[in-house]
Amino acid sequence: MPSTSSALSSPSSPLPSPLAASRSTPHSRSIVIAELRAAGCVFAEDEAELLLSTARTPDELAAMVERRVIGLPLEQVVGWAEFYGLRVTVDPGVFVPRRRTEFLVGQAVGLGLRAAERTGRPPVVVDLCCGSGAVGAVLADALGRVELYAADIEPAAVRCARRNVVPAGGEVYEGDLFDALPTGLRGRIDVLVANVPYVPTEEVGLLPPEAREYEPLVALDGGADGLDVLRRVTAAAPQWLAPGGHLLVETSERQARQAVEAFTRNGLLPTVTDSEELYATVIIGTRPTEGHAIAGRRNKQEAAGTS
């Protein structure tokens, strides 16, 4: 996955912290900024304001600064992230929601609203590879009435997701992709969002230290070409989607062509959309309705007759 939203270059050997040396005295904004800047935080002033406003005691502030200085993502330090206008809980060791994924969420919101209009019922939404559950929580907030499920293979992610998804009326399961979901969802899902890992294995080492050292590898490593998990999801998705239902995944622009081939090979009708502002590429695969299937068979027959 892309790097975290915060900007930190982990120091090789951080200097002793003035905060740690003097926890019993008030800690000034300038000292916090100096600590963060020395650690390589590009947005030291903004981060200092956030830490100062979040910490309830001087000791808590000192501990937060120390965790940030050694490289923890800012969101894991303060315990939350701002995502699509919603504050979501982010625990240590859990994948941090990226701002670029807000583009995927926007696409999913639109599809969920259209599904509700088409069926006259709350849409069935699944947040697969859910991490913190940020995507599912935001979709529940944006769609209002929704039947929501989320799943992840990482126990820490599942615990965190329950804190975000359950209050929104959803359910969270632990397991490997679709194996985690209730079998009663087969053929019923209107919007399936799978924020799969898509960093090629050999490129994981190029990610910022805060990602590769403090986020689970399973949320980053997508295999040799970055598309291993995407292929598994597209292979099984048609069995779980409702007719006319949609699978949405985020990938990179250079991987889009191969990803589209995986969607098509498994019978999903793919659409590629992107955002230059967020540098995001999303592929939407639609399970054909009966009408689509009949039209597809007719087109094949006509093509065969003219060849």
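Numbering (my numbering), first residue to last: -4 to 302. C-beta: ideal position from N, C-alpha, C; glycine also. Just so it is clear, the structure is predicted and the values come from calculations on it, not from any experiment.
Leaving aside the five residues before and after residue i along the sequence, list all residues of the same chain whose C-beta is less than 8 Å from its C-beta, in chain order.
i: residue 21; result: The pLDDT assigned to residue 21 is 47, lower than 50, so where the model puts this residue is not dependable; a value taken from the coordinates is nonetheless given after this. Taken in chain order, the residues that qualify are 53.
i: residue 127; result: 76, 83, 84, 85, 86, 89, 90, 91, 92, 152, 155, 156, 159
i: residue 134; result: 100, 103, 104, 107, 120, 122, 141, 143, 186, 188
i: residue 161; result: 167
i: residue 180; result: 119, 121, 144, 235
i: residue 72; result: 46, 59, 62, 63
i: residue 32; result: 39
Quick one: residues in its chain with C-beta nearer than 6 Å to the C-beta of residue i, no 5 flanking neighbours on either side, listed in chain order?
i: residue 285; result: none
i: residue 137; result: 104
i: residue 267; result: 251, 278
i: residue 58; result: none
i: residue 391; result: Only positions -4 to 302 of the chain appear in this structure, which leaves residue 391 out of reach.
i: residue 111; result: 118
Can you tell me where the beta strand (DSSP E) with residue i in it begins and where it stops?
i: residue 49; result: Taken as a continuous stretch (DSSP letters only), residue 49 belongs to no beta strand (DSSP E), being part of the alpha helix (DSSP H) at 39 to 49.
i: residue 184; result: 184 to 189
i: residue 276; result: 275 to 281
i: residue 246; result: 236 to 246
Which residues in the same chain have their Cβ closer than 7 Å to the Cβ of residue i, if we skip the five residues on either side of it in sequence?
i: residue 274; result: 95
i: residue -2; result: With a pLDDT of 42 at residue -2, under the threshold of 50, the modelled position of this residue cannot be trusted; read the value that follows with caution. The residues are 202, 203, 206.
i: residue 259; result: 265
i: residue 25; result: none
i: residue 40; result: 28
Give me the residue from the options with the minimum Cα distance to residue i.
i: residue 226; options: 199, 190, 198; result: 190
i: residue 169; options: 161, 220, 149; result: 149
i: residue 217; options: 162, 199, 210, 231; result: 199
i: residue 182; options: 131, 208, 242, 139; result: 242
i: residue 172; options: 129, 230, 209; result: 230
i: residue 355; options: 66, 263, 240; result: For the chain, the structure presents residues -4 to 302; residue 355 sits outside this window and is missing.
i: residue 248; options: 179, 228, 221, 178; result: 221
i: residue 208; options: 56, 32, 66, 62; result: 66
i: residue 196; options: 174, 223, 245, 147; result: 223
Within the continuous alpha helix (DSSP H) that includes residue i, where are the two ends?
i: residue 195; result: Looking at the DSSP string, residue 195 is not in any alpha helix (DSSP H), and its letter there is neither H nor E.
i: residue 269; result: That residue, residue 269, is in no alpha helix (DSSP H); its beta strand (DSSP E) goes 264 to 270.
i: residue 31; result: 24 to 33
i: residue 56; result: 53 to 64
Which residue spans inside the region 73 to 118 form an unbroken beta strand (DSSP E) run of at least 3? Complete beta strand (DSSP E) runs here, min 3: 75 to 78, 81 to 84.
Are the region 32 to 50 and the region 87 to 95 touching, with three or more C-beta to C-beta distances below 8 Å? No contact exists between the region 32 to 50 and the region 87 to 95.
Taking the runs of the alpha helix (DSSP H) that are 4 residues or longer, which of them lie wholly in the region 109 to 171? Within the region 109 to 171, the complete alpha helix (DSSP H) runs of at least 4 residues are 129 to 138, 150 to 160.
Under 8 Å: do the region 169 to 186 and the region 120 to 129 share three or more Cβ pairs, one atom per stretch? At 8 Å Cβ cutoff, the stretches touch.
Validate contact between the region 236 to 252 and the region 276 to 285 using beta carbons, cut 8 Å, 3 pairs: The region 236 to 252 vs the region 276 to 285: in contact.
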